[in-house]
């Protein structure tokens, strides 16, 4: 128990460092995968904004042919999401 207490004590120096880190903490980046689309031999880059809306638009674009399957997966697991 002495070993455990020694290595789990929080010293003032670490509390000060923690405050500095939390003060300068940035929100996590939202990374969205862009895509390419072929239309009559022309290749077009499809870029989505790096936001929650962009993530949603990206998923709709990537799974547009499977939307009913994705919708059913969501409905099956909807109970796990916060309202």
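In the working numbering, the protein residues as written are 1 to 83. For each residue, glycine too, the CB sits at the ideal point set by N, CA and C.
If you draw a straight line from the alpha carbon of residue i to that of residue j, how long is it in whole angstroms?
i	j	result
residue 43	residue 35	10 angstroms
residue 69	residue 26	36 angstroms
residue 122	residue 40	Any property of residue 122 remains undetermined from this structure, which presents the chain solely from 1 to 83.
residue 45	residue 71	26 angstroms
residue 61	residue 28	24 angstroms
In terms of DSSP beta bridges, what is residue i paired with?
i	result
residue 35	46
Starting from residue i, trace the alpha helix (DSSP H) both ways and give me its first and last residue.
i	result
residue 54	52 to 62
residue 21	12 to 23
residue 81	It is not in any alpha helix (DSSP H) - residue 81 carries neither H nor E in the DSSP assignment.
Looking only at C-alpha atoms, which of the options sits nearest to residue i?
i	options	result
residue 50	56, 65 and 31	31
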